[in-house]
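Novice: For the sequence shown, this note's numbering gives the first residue as 72, with consecutive numbering after it.
Note that CB positions come from ideal geometry on N, CA and C, so glycine has one too.
Handing you a structure now.
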Amino acid sequence: MAQFVNGYINDLSAVKDNVKLRVRVLRNWMQPNTRIQATIRQKQVDKYKHQLQEGNAVTLQRYSLGEIQPKFRLLKNGLRLSFLSDTIVEKCNDFSGTMYGFDFRAFKTITNLGVEDVGQFDVIGQVIACDDLDCFDKNGKQGKKKPLTLLDAEGTEMRCTLWGAFAQQFSDFLQTCDDHSNIIAVLHLAMMKMWDGKMGIQNGYNATRLFLFGRKEAITAAEFKDVEDFRKLLLAKKSDETSEHTISISTASRYSTKEDFTTSAEMRHIVELLDIPKGTPSVIVGTIIAICEDEGWWYLGCGKCKKKVVKASDIVDLESETPKKQVGGPTEWWCSKCGEICSSLKTQFRLQVRVQDSTGTCSVSLFNDEVLSFADRSAYQLCDKYGKVSDSDFVPPEITKIVGTKYAFKIFMDKFNSTKLLPVFNVMRMSADKEIIETLHASATPFKPNNEATSGSVPVVTPFELDSQTDDNTTPTSGKTDGKNKRPADDEAEGSMSSNGKKAAVEVKLEKDP
């Protein structure tokens, strides 16, 4: 005669239904040290819901096990436990499993995949970067998105996107957290998501939980012992590799990408840009036709403010008594913005490209976030990969692949760039989204110069007009700007470290004798 025997999820099989199952209820999914997905039919929910509160440990008798299709599978376990009309649920007093049963997955086992894996899993990492909270409107439905970058104990970075309530939860945490450089995130039952050819993670549609902690404070709760172990490991890990991961946390909110291009700045043609006041954002649509290789593609920046640094031995204290005293040693770096020797350094992208539309061509500067979005590798990783290349004009193929691609750019010109012989615009945001580009094209006013010549109208040029022309070069007049749009690498200092190794030219103004 069959009898009920005590057991756990590992003891289940399709040929056994006499196991008295011991589980803890987790977000309406159940687990001791392993997990199984369980369902209750709608008409039986009221019967069991008071017994299946999250965190409760229970025993189950008289249930059915079925195969769950991959499309509906939240866990790797291919079995699904279904409640029957006579299923018995009782309190379990001797359950030995942990509250959440975390089983953290190494980032490399995710980022190295080329195809999304079935099932949800747990991840833990330090938050080293996050973008603005994106409040978007898609197909009449409002939503929120918060992109993060996580770093695990092995030094591997991974993208993580939080949606909806999870995005808001993280933003609210930032408002109450004093130290944004020491945030640990635990995503319980996360799922994989391939984006732009690179594997990352996001919160799932069901069951996911987000836990956030400060790295400096000890975590004493017993259910988060694994998190405390990770926190101690981060504190003990002080290598050169981790010093390259500078924290970049944004607490701001912004409109969706489409709205940022279509409503926050005016769409213009390239030929019109020089007529716009300095510091005023504009939106253009154009194709990247070339990379300015002689301008380099990376620079060494301050770990705090990202400003381009120079060797401290090249800086001289002009206020000291003669002989002039050097500020620092040959192995130290100086940040002019912070006004001190840098305690940490960060390799940053800065790429100058030529963009063309139907009216003209201009130079724009792409900075770290913009280049990182399509290079899929940090500047440090590319420098390490191609460090032995002797050609100073070399640009990695991970970057040159953008040549020939059409983008929408949100740009502006600051005071420093306006004084250059060939003006350069800074990119605030860029997108290759076809929907955004088509929307901008549809809203653009067709450009036609007032004096454009046609086959039936040939302008008459008089000798006076020819004499009034000159080849003298004039210096562009810089407009007023509040400087709030200035990027970290603007106004680069002489002797600074970059991929081209060249120093900035010094402009000398000569006055004629009276």
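#1: Comparing C-alpha positions only, which one of F154, T130, N77, G126 sits nearest to A109?
#2: Using beta-carbon positions only, say whether I195 and I255 come within less than 8 Å of one another.
#3: Mind checking whether T333 and F483 have CB atoms under 8 Å apart?
#4: Please state if the CB of Q239 and the CB of K215 are separated by a distance shorter than 8 Å.
#5: Go to V198, then tell me how far its beta strand (DSSP E) extends in each direction, as first and last residue.
#6: Using C-beta distances below 8 Å, list every residue in its chain close to N544, excluding the 5 sequence neighbours before and after it, in chain order.
#7: Does the pairing of the segment 236-252 with the segment 165-182 give three or more beta-carbon distances under 8 Å?
#8: Roughly how many angstroms separate the alpha carbons of F207 and D462, rounded to a whole number?
#9: Does the beta-carbon distance from A503 to Y478 come in below 8 Å?
#10: In the DSSP assignment, what residue or residues form a beta bridge with P218?
#11: Of all the beta strand (DSSP E) runs that stay within the bounds of the segment 483-525, which reach a length of 3 or more residues?
#12: Could you check what DSSP says for N439 in three-state terms: helix, strand or coil?
#13: Would V435 pass as a contact of V442 if the rule is Cβ separation under 8 Å?
#14: Given this structure, state the Cα-to-Cα distance separating L306 from E225, to the nearest angstrom.
#15: For I362 and I470, what's the separation of their Cα atoms in angstroms?
#16: Below 8 Å on the Cβ atoms is my guess for T279 versus I359; work out the distance and round it to an integer in Å.
#17: Quick check: the segment 292-302 against the segment 254-272, are at least 3 beta-carbon pairs closer than 8 Å?
#18: Sort I347, I355, T182, D250 by Cα distance to M270 and report the nearest one.
#19: Across which residues does DSSP place S153 in a beta bridge pair?
#20: With C-beta atoms as the reference, is V160 less than 8 Å away from V116?
#21: Is it buried or exposed for D485, if we count other Cβ within 10 angstroms and need 16 for buried?
#22: Measure the CB-CB distance between A292 and K481 and report whether it falls below 8 Å.
#23: Go ahead and pull the three-state DSSP assignment for R325.
#24: Just curious, the alpha helix (DSSP H) that Y119 is in, first and last residue?
#25: Starting from the Cα of L344, find the closest Cα among D297, N277, T430 and give me that residue.
#26: Under 8 Å by Cβ, that's how I've got Y171 and E294 pegged, so tell me the actual separation to the nearest angstrom.
#27: Distance check for L437 and V498, CA to CA, integer angstroms please.
#28: Taking the Cβ atom as the reference point for each residue, do I107 and Y119 lie within a distance shorter than 8 Å?
#29: Can you list, in chain order, the residues of its chain with a C-beta nearer than 7 Å to that of I596? Leave out the 5 residues immediately preceding and following it.
#30: Do the CB positions of V356 and I508 come within less than 8 Å of each other?
#31: Less than 7 Å between C-beta atoms, sequence neighbours within five positions excluded: which residues of the same chain meet that for T541?
#32: In chain order, what residues of the same chain have a beta carbon less than 6 Å from the beta carbon of F178, not counting five sequence neighbours either side?
#33: M262 and I272: beta carbons closer than 8 Å?
#34: So, are the CB atoms of P218 and D202 less than 8 Å apart?
#35: Within its chain, find whatever has a CB closer than 7 Å to the CB of V466; leave out the 5 residues flanking it on each side and keep chain order.
#36: State buried or exposed for S414, treating a residue as buried only when at least 16 other CB atoms are found within 10 Å of its CB.
Specialist: The structure says:
#1: F154
#2: yes
#3: no
#4: yes
#5: 192-201
#6: Reliability of the predicted coordinates at N544 is poor, the pLDDT of 40 falling under 50, and the value obtained from them is presented with this limitation in mind. Answer for N544: L492, listed in chain order.
#7: no
#8: 44 Å
#9: yes
#10: T232
#11: 495-502
#12: Helix, per DSSP.
#13: no
#14: 13 Å
#15: 9 Å
#16: That belief does not hold up - the Cβ atoms of T279 and I359 are roughly 38 Å apart, past 8 Å.
#17: At 8 Å Cβ cutoff, the stretches touch.
#18: T182
#19: T110, S135
#20: no
#21: Under this definition D485 is a buried residue.
#22: Cβ atoms of A292 and K481: not closer than 8 Å.
#23: The predicted model places R325 with a pLDDT of 47, which falls under 50 and marks its position as unreliable; any figure quoted below should be read in that light. DSSP places R325 in strand when its eight states are reduced to three.
#24: 116-119
#25: T430
#26: 6 Å
#27: 6 Å
#28: Not closer than 8 Å, so no.
#29: Lying before the first or after the last residue shown, residue 596 is absent from the chain, which here runs from 72 to 585.
#30: yes
#31: Interpretation of T541 is limited by its pLDDT of 43, a score under 50 that renders its predicted location unreliable; the figure taken from the coordinates is listed afterwards. Within the same chain, T541 has no close Cβ partners at all.
#32: D223, T227, M229
#33: yes
#34: yes
#35: I362, E364, W368
#36: exposed
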